[in-house]
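Protein sequence lines, in the order shown, are assigned to chains D and G. Letter by letter, the first sequence follows residues 1 to 216 of the numbering used here. Letter by letter, the second sequence follows residues 1 to 216 of the numbering used here. Just so it is clear, CB atoms sit at the ideal spot from N, CA and C, and this is done for glycine as well. The structure displayed is predicted, hence computed values, not measured ones. Heads up, the thing below is written out as structure tokens.
2 protein chains.
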Amino acid sequence: MHNVTVGMEFDVLKENNNIANENYEMLKDHKVVAIDFMGSIGAGKTALIIKLAEKLRAKGLRVHAIAGDVTGADDMTRMVDSGLTTTNCNTGKECHLDANMVHRCLHGIDLDSVDVLFIENVGNLVCPADFPLGTDMRVVVISTTEGDDMVRKHPDIFIHSDLAILNKVDIADAVDVDPQIIVNDYRKLTGGRKDIVLCSAKKGIGLDEVISCLGL
Amino acid sequence: MHNVTVGMEFDVLKENNNIANENYEMLKDHKVVAIDFMGSIGAGKTALIIKLAEKLRAKGLRVHAIAGDVTGADDMTRMVDSGLTTTNCNTGKECHLDANMVHRCLHGIDLDSVDVLFIENVGNLVCPADFPLGTDMRVVVISTTEGDDMVRKHPDIFIHSDLAILNKVDIADAVDVDPQIIVNDYRKLTGGRKDIVLCSAKKGIGLDEVISCLGL
Chain D
1 MHNVTVGMEF
11 DVLKENNNIA
21 NENYEMLKDH
31 KVVAIDFMGS
41 IGAGKTALII
51 KLAEKLRAKG
61 LRVHAIAGDV
71 TGADDMTRMV
81 DSGLTTTNCN
91 TGKECHLDAN
101 MVHRCLHGID
111 LDSVDVLFIE
121 NVGNLVCPAD
131 FPLGTDMRVV
141 VISTTEGDDM
151 VRKHPDIFIH
161 SDLAILNKVD
171 IADAVDVDPQ
181 IIVNDYRKLT
191 GGRKDIVLCS
201 AKKGIGLDEV
211 ISCLGL
Chain G
1 MHNVTVGMEF
11 DVLKENNNIA
21 NENYEMLKDH
31 KVVAIDFMGS
41 IGAGKTALII
51 KLAEKLRAKG
61 LRVHAIAGDV
71 TGADDMTRMV
81 DSGLTTTNCN
91 TGKECHLDAN
101 MVHRCLHGID
111 LDSVDVLFIE
121 NVGNLVCPAD
131 FPLGTDMRVV
141 VISTTEGDDM
151 VRKHPDIFIH
161 SDLAILNKVD
171 IADAVDVDPQ
181 IIVNDYRKLT
191 GGRKDIVLCS
201 AKKGIGLDEV
211 ISCLGL
């Protein structure tokens, strides 16, 4: 959180949660399952969403994505090129998506033609934790390239999410990271109550397990 | 920036800048050269600081580090294990160091026995941009593992820094990233007025060039 007074911070978070609840109701009215993908820059959120969407479309599900970024449309372009219908959401200066930004996006999407909505948050392993968007699940994506101390350094985002995905396990050796250290830290932090999936979006490893954990 | 009113945001930034100026004067009084290292989680800031400090110590310079993190002391421990005297600075919930946090740290350091102060900011490629700490230079560290679109996605932090370091160039091929794309984006953004150094802290590539760019 940025350095503002406690009162102001509380209001911002409370207002966000109110709008998140509206988003949740709106998505339920249209029978849309929504997932918030959080994680640092380069964790592989875009690639993961593209691969998961391909698998879900092959099962006959209609998938839409919201690509959140501070600026630009690189992620949206990659998603659209893969055949995934996508709404771009630039935050300007904001370091995370908030429920109001997503609310505005939802009004531009024909939700009756969507079964699953993937929301890619801004690349940041700190700030998005405090801003629920009204999704069914929140997923945090980390990468072996980020080192083996992610869970110890940033417990908040793991506590505020329902599932963790450790991406790029195929290059764990190349970056000298032992995935088991991360898994152990995560299990210790969550008391073993939440799943962590070892994954490589690039190599197609772990995608079916992710889909199963998401209940899709 | 988090979603607060413009007035509040302005006050926070103005107050930060006032304290940053105090820090700058305090460091100058003690003839300390200070560098702020910003960058995402896993960019390799800690490894880079350790390797640069080793080279500077070999030249007879006295180096101190401030390790900024949301929680924990992993980075400080790595620095201390390398022989680098280090002050830990946990931000609690904050997604960046601010000038006041650094000010408190400075009062705990014997600045007369320090020639160079390396400050490792919290792992985040967005928020630290707006909060100068009062250092001589601000450096942004990115990694090939973060993809080739970093500069396009997060121009602010590059605009607010004096030097960019592209780390982990030794594994660029393994992660399918062409460093030249990043270099070209950076040159275009900065009009060629700022340097970008291709580096591998792990393999010792580019460290002397970084030291030269820092004027050390």
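Query: Decide if the segment 90-104 of chain D is in contact with the segment 136-144 of chain D; the criterion is three or more beta carbon pairs, one per stretch, under 8 angstroms apart.; Result: no
Query: So, with DSSP's three-state summary, where would you put leucine 48 of chain G?; Result: helix
Query: If you reduce the DSSP assignment to three classes, tell me which class leucine 166 of chain D lands in.; Result: strand
Query: Less than 8 angstroms between the CB atoms is what I'm expecting for leucine 198 of chain D and lysine 55 of chain D, so what's the real figure, rounded?; Result: That belief does not hold up - the Cβ atoms of leucine 198 of chain D and lysine 55 of chain D are roughly 17 angstroms apart, past 8 angstroms.
Query: Skipping 5 residues on each side, what residues in its chain have a beta carbon closer than 6 angstroms to that of aspartate 98 of chain D?; Result: Asn16 and Phe131
Query: Just to confirm my understanding: we take glutamate 303 of chain D, look at its own chain, exclude 5 residues before and 5 after, and list those with CB closer than 7 angstroms. What are they?; Result: No information on residue 303 of chain D is available, as it lies outside the stretch 1 to 216 that chain D covers here.
Query: Beta carbon of aspartate 36 of chain G, beta carbon of isoleucine 157 of chain G: below 8 angstroms?; Result: no
Query: I'd like to know if arginine 62 of chain G contacts chain D, where contact means its C-beta is closer than 8 angstroms to some C-beta of that chain.; Result: no
Query: List the whole-angstrom C-beta distance separating lysine 168 of chain D from serine 200 of chain D, where the pair is believed to meet the contact cut-off of C-beta under 8 angstroms.; Result: 6 angstroms
Query: Would you call lysine 51 of chain G buried or exposed, if buried means 16 or more other Cβ atoms sit within 10 Å of its Cβ?; Result: buried
Query: Quick check: what's the CA-CA separation for asparagine 23 of chain G versus leucine 133 of chain G?; Result: 7 angstroms
Query: Per DSSP, what are the beta-bridge partners of leucine 198 of chain D in this structure?; Result: D/Leu166
Query: List the whole-angstrom C-beta distance separating alanine 217 of chain G from alanine 65 of chain G, where the pair is believed to meet the contact cut-off of C-beta under 8 angstroms.; Result: Shown here, chain G extends from 1 to 216; a query on residue 217 of chain G therefore has no answer.
Query: Between which two residues does the alpha helix (DSSP H) carrying leucine 106 of chain G extend?; Result: 99-106
Query: Let me see if you follow: with CB-CB separation under 8 angstroms, is serine 40 of chain D close to chain G or not?; Result: yes
Query: Flag this pair as yes or no: are the beta carbons of isoleucine 205 of chain G and alanine 174 of chain D separated by less than 8 angstroms?; Result: no
Query: By DSSP, does isoleucine 171 of chain G sit in helix, in strand, or in coil?; Result: helix
Query: For the segment 143-165 of chain G, which residues have a beta carbon sitting closer than 8 angstroms to at least one beta carbon of chain D?; Result: Ser143, Thr145, Glu146, Gly147, Asp149, Met150, Arg152, Lys153, His154, Pro155 and Asp156
Query: Start and end of the alpha helix (DSSP H) containing leucine 117 of chain G?; Result: Here leucine 117 of chain G belongs to no alpha helix (DSSP H); instead the beta strand (DSSP E) covers 116-120.
Query: Can you confirm whether aspartate 136 of chain G, when its beta carbon is compared against all beta carbons of chain D, has any partner nearer than 8 angstroms?; Result: no
Query: Please decide whether leucine 106 of chain G counts as near chain D, where near means a Cβ-Cβ distance under 8 angstroms.; Result: no
Query: Tell me which same chain residues have a C-beta within less than 7 angstroms of the C-beta of valine 6 of chain D, skipping the five on either side of it?; Result: A caution first: valine 6 of chain D carries a pLDDT of 44, below 50, which makes its placement in the model unreliable, though a value can still be read off. Once the five neighbours on either side are set aside, valine 6 of chain D has no close Cβ partner at all.
Query: According to DSSP, which residues form a beta bridge with arginine 217 of chain D?; Result: Absent from the structure is residue 217 of chain D, since the part of chain D shown begins at 1 and ends at 216.
Query: Cα separation between alanine 213 of chain D and valine 139 of chain D?; Result: Checking the sequence, you will find cysteine at residue 213 of chain D rather than alanine. The straight-line gap from Cα to Cα measures roughly 10 angstroms.
Query: Please state whether DSSP places serine 212 of chain G in a helix, a strand or coil.; Result: helix
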